[in-house]
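Before any comments, here is the structure.
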Amino acid sequence: MASVKLTFLGTGTSHGVPCIDCMLTDYAACPQGVCRAAQQDARHSRTRCSVLVEAADRAILVDTSLDFRAQMLAQRVRQVDAVLFTHSHADHIGGLPDIRSYCRPGQALPIYGAQETITALTRRFDYIFNPPEIKGGGIPELATQVVRAGESFSLFGLEVTPARVEHGSTRECLGYRIGPIAYVPDVKVMPDEAKAIFSGVDVLVLNALRRAPEHPTHLTLEASVALAQELHPKVCYFTHLSHDIHYVHDQPSLPSNMDFAYDGLTVTIELPRIPRA
Ligand SMILES: [Zn+2]
Ligand SMILES: [Zn+2]
Numbered sequence: 005m006a007s008v009k010l011t012f013l014g015t016g017t018s019h020g021v022p023c024i025d026c027m028l029t030d031y032a033a034c035p036q037g038v039c040r041a042a043q044q045d046a047r048h049s050r051t052r053c054s055v056l057v058e059a060a061d062r063a064i065l066v067d068t069s070l071d072f073r074a075q076m077l078a079q080r081v082r083q084v085d086a087v088l089f090t091h092s093h094a095d096h097i098g099g100l101p102d103i104r105s106y107c108r109p110g111q112a113l114p115i116y117g118a119q120e121t122i123t124a125l126t127r128r129f130d131y132i133f134n135p136p137e138i139k140g141g142g143i144p145e146l147a148t149q150v151v152r153a154g155e156s157f158s159l160f161g162l163e164v165t166p167a168r169v170e171h172g173s174t175r176e177c178l179g180y181r182i183g184p185i186a187y188v189p190d191v192k193v194m195p196d197e198a199k200a201i202f203s204g205v206d207v208l209v210l211n212a213l214r215r216a217p218e219h220p221t222h223l224t225l226e227a228s229v230a231l232a233q234e235l236h237p238k239v240c241y242f243t244h245l246s247h248d249i250h251y252v253h254d255q256p257s258l259p260s261n262m263d264f265a266y267d268g269l270t271v272t273i274e275l276p277r278i279p280r281a
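To convert, take the position in the sequence shown, counting from 1, and add 4; that gives the numbering used here.
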């Protein structure tokens, strides 16, 4: 039976957990003590959001987080064959320079994203996309591919469908359905078109920033649970978690098919094969 493996490389919000701000107050301002607890319980140690999806000996990375290098080393990731970008906020793209270790000479690594994201990447990393004539070492060779919401494409035998979601001032923030997985790390409002794409998946990954108060660009836990219930996945994992989510204390309040993700968590989904006579 063929399978798809999902690895959570990072599950933290843009500050990461523990966050520098809490350290600066000797953790006095940390709402649930999560930043201090992170020193004992690794499930509270959250690097910036990214996942790896592996199928048929190929590896699809979603976003190159600010913690990309540490994540690759922690999970001993041997290969990256394509990168999908959700949007261009710093926590999701900041690790792009280190992708060079996964580039093979003369073979540009494909990176996919909405036009807005690709434009932002090319501006932010001008030295990669408009390299100087005399190239030094270490410039990753990338091939950009613009994707459009609702338009599916095939990647290493998996059907990939981007869907636009509302997240702050971004106009084209995307979540992706990748085979049996829906990955939506940053969303405040999910339009109906996206709900249709993400409904009924085996594994839904959704952002849940904190319990309260409401946040202008991210779902809080209660709203994330409600949205997950509406989408009817087999299981749902919450990611993009701040230090306001305590893995041990908050988990019992979740529905039985939902849980918090943590860095290094892996989920394997077996795919049914069509029997051939
Ligand atoms: Zn804290
Ligand atoms: Zn984010």
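Built from N, CA and C at the ideal position, the CB exists for glycine as well.
Keep in mind it's a predicted model, so treat the numbers as computed, not measured.
- Beta-bridge analysis with DSSP links V207 to I185, V239.
- The alpha helix (DSSP H) runs lying completely inside the segment 114 to 187 and spanning 4 residues or more are 119 to 128, 130 to 133, given in chain order.
- In the three-state reduction of the DSSP assignment, A33 falls in the coil class.
- When secondary structure is reduced to three states using DSSP, L10 falls in the strand class.
- Under a 10 Å Cβ-count criterion, N211 is classified as buried, with 16 or more other Cβ atoms of the shown protein chains found around its own Cβ.
- S18 has its CB nearer than 7 Å to a heavy atom of ligand 2.
- Assignment of R73 by DSSP, reduced to helix, strand and coil, places it in the helix class.
- In this chain, M27 is not harboured by any beta strand (DSSP E); it is covered by the alpha helix (DSSP H) spanning 24 to 28.
- G172 sits away from T126, with the two beta carbons spaced by 8 Å or more.
- R40 carries a helical assignment under DSSP once its states are collapsed to helix, strand and coil.
- The beta-bridge partner set that DSSP reports for M262 consists of C240.
- P217 has its alpha-carbon roughly 42 Å from the corresponding atom of C107.
- Look at V252 here: in three-state DSSP terms it is helix.
- Runs of the beta strand (DSSP E) lying entirely within the segment 78 to 104 and spanning at least 3 residues, in chain order: 86 to 88.
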